[in-house]
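See below for the structure under consideration.
In full-length UniProt numbering, the protein residues as written are 1 to 262.
What follows is the structure, given as structure tokens:
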């Protein structure tokens, strides 16, 4: 009787062990997941997606997500090449393309990529002046992405994009930049005003030369000006008329007509 109970207990234990082995033997991976298989501690293969077989006690499977990871780079204190202190934060997009390297070559590849991105951001921006940081963000994004992609290639990671989100300036620098922008606008206004005066003077000089060649044109210009002034609501009109202008309307015997030299 005791042997029957012992045999039943062993059978139940064997059944539980078999169910446990079967449960551990089969794994289901999603489309975006891969499993890095280690057999007796050595890397053997990468499996997935779908149904895979992992031998319990002999093999170990490490899941790796193959989707694009969005990594926020915290604000970094950067000193530009022209000795301006700014705070810069960015966002990094990357994905694992070789799960075996991502697990074997680096410990905690997410943290390693984040630290490398922070260091690269400070190093790249420190080589540029503040004006370049503000005006050439696309170029800086591409430079940071190229450097990160080259350094993480050995980890099986592909950096797809880097975007600088914000460049923070202290209040003193903001006020200085505002004064600089105001001075630049004043300079442009003065240059534009001076250019307008030069063009107007040139046009007046050309008009004077044209009118000096034809005396009758000057008379017509005076009459046109007189007509414009007379059109205003005014009861009194004071208009100086040169003697030379009246001479054209006088006869040859008029005392106002200048006499020819003898």
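Quick reminder that beta carbons are idealized off the backbone N, C-alpha and C, glycines included. Keep in mind the model is a prediction, meaning the values are calculated, not measured.
Item	Value
Does the segment 34-45 come close enough to the segment 58-66 to have 3 or more Cβ pairs within less than 8 Å?	yes
Taking the C-alpha atoms as reference points, what is the distance between residue 94 and residue 198?	58 Å
Expressed to the nearest angstrom, what Euclidean distance is found between the alpha-carbon atoms of residue 101 and residue 11?	44 Å
Using C-beta distances below 8 Å, list every residue in its chain close to residue 152, excluding the 5 sequence neighbours before and after it, in chain order.	94, 113, 116, 158 and 159
Checking the sheet assignment: what are the DSSP bridge partners for residue 53?	26
Report yes if the CB atom of residue 96 is closer than 8 Å to the CB atom of residue 156, and no otherwise.	yes
Taking C-alpha atoms, which residue in 191, 53, 74 and 86 lies nearest to residue 263?	With the chain running from 1 to 262 in the structure shown, residue 263 is simply not present.
Using C-beta distances below 7 Å, list every residue in its chain close to residue 17, excluding the 5 sequence neighbours before and after it, in chain order.	none
Report yes if the C-beta distance between residue 81 and residue 31 is below 8 Å; otherwise report no.	no
How would you label residue 134, buried or exposed, when you count the other beta carbons within 10 angstroms and need 16 or more for buried?	exposed
Roughly how many angstroms lie between the CA atoms of residue 195 and residue 184, to the nearest whole one?	16 Å
If residue 79 and residue 126 are in contact, beta carbons under 8 Å, what's the gap, nearest whole angstrom?	6 Å
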